[in-house]
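Each residue of the sequence shown is one higher than the last, beginning at 284 in our numbering. For every residue, glycine included, the Cβ atom is placed at its ideal position computed from N, Cα and C. Okay, structure first, notes after.
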Amino acid sequence: MKKIFLLFLFSNIVFFAKAQFTNIDLLLINDSLSYSMDLEEIQRFIKIDSITPVPSIMDASMADSLVFLGSSYLSFYKKGNEEFIELNEPICMFETIIFDEKIKSITLDKKNKITTETTFEEIKKIFPSNCQNVKEMSIYGDKTKYKSCSVGFVSGGLELDTQLIFFFSDNKVKRIDFWNPT
C-alpha cells in the first residue's frame, strides 16, 4: 500500500513540476481587453453585439447573462452574484474566444500573440509539456472535430483553477475557451 501511495505522490509531483502556466493578469485580447472587465471598460474598446440571458443548455452557469462580441462571449456577473458574493462591482469574464471580425488576437504573457494563423506546432513550442499530447474533443452544436490542449493560469504567483483550452482544426487555432471547474 505504501508503494502505491508513494507512486501516486511521485506521479503527481512530476505532473505539476512539468505543468506550464500563463499569467492571467498579462492576458490581452485584441491588445486592449483583459480576461475580466466591467461593461463600460469593454464598450470603450469594442462595440458589444448583444447581451442575452444564459441559455438553458448552460444551466450550470452562475452568470447573470452573456455578453457577445462577434462569435465570442463573456459571462456577466451582477454585483453580489451568488458565485461571487464578495463582488462589489458587476464584472464580465471571457468564456469563449472565436476569432472573427471582432476578436483578432489574444496575447499571452505580453509576448505570445495567438491568431487564426497560429499553428499547433507554435503553441506546442510555447507550452511543450502541456501540449505534448493532444486530446480529441467535440463541442456541443459544432460539427467540427477538434484537437485540444490546455494550459493553467497563475495570478499574483498563485495557481488558479481556470484553464485556457486551445482548440485546433486543420492544424490552426480556431477557438480558445476559458474553463473553470467551479
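**Three-state secondary structure assigned by DSSP to Met345** = coil
**Asked** Does the beta-carbon of Ala300 have 16 or more other beta-carbons within 10 angstroms, so that it is buried, or is it exposed?
**Response** Summary for Ala300: the model assigns pLDDT 42, below 50, so the residue's position carries little reliability; its value from the coordinates is reported in the next sentence. Looking at its Cβ environment, which holds fewer than 16 other Cβ atoms inside 10 Å, Ala300 is exposed.
**Where Lys408 falls: helix, strand or coil (DSSP)** = helix
**For Val443, the first and last residue of its enclosing beta strand (DSSP E)** = It is Leu, not Val, that sits at residue 443 in the sequence shown. Counting along the chain, the beta strand (DSSP E) containing Leu443 begins and ends at 441-452.
**Request:** For Cys414, write down the residues that DSSP places opposite it in a beta bridge.
**Result:** None; Cys414 has no bridge partner.
**Message:** Taking a contact to mean a Cβ-Cβ separation below 7 Å, would you say Asp392 touches Leu309 in this structure?
**Reply:** yes
**Request:** Sort Asn416, Glu324, Phe450, Leu441 by Cα distance to Ile422 and report the nearest one.
**Result:** Phe450
**Request:** Check whether the Cβ of Gln415 lies closer than 7 Å to any Cβ atom in chain D.
**Result:** No chain D is part of this structure, which consists of one protein chain only.
**For Ser339 and Asp453, the rounded distance between their alpha carbons** = 31 Å
**Message:** Assuming Asp316 and Phe328 are in contact, meaning their beta carbons sit under 8 Å apart, how far apart are those beta carbons, in whole angstroms?
**Reply:** A small correction: the amino acid at residue 316 is Leu; Asp does not occupy that position in the sequence shown. Yes, they are in contact, since the Cβ atoms of Leu316 and Phe328 sit about 6 Å apart, within 8 Å.
**Request:** Starting from Phe328, trace the alpha helix (DSSP H) both ways and give me its first and last residue.
**Result:** 322-328
**Message:** Can you list, in chain order, the residues of its chain with a C-beta nearer than 6 Å to that of Ile307? Leave out the 5 residues immediately preceding and following it.
**Reply:** Tyr318, Phe436, Ser438
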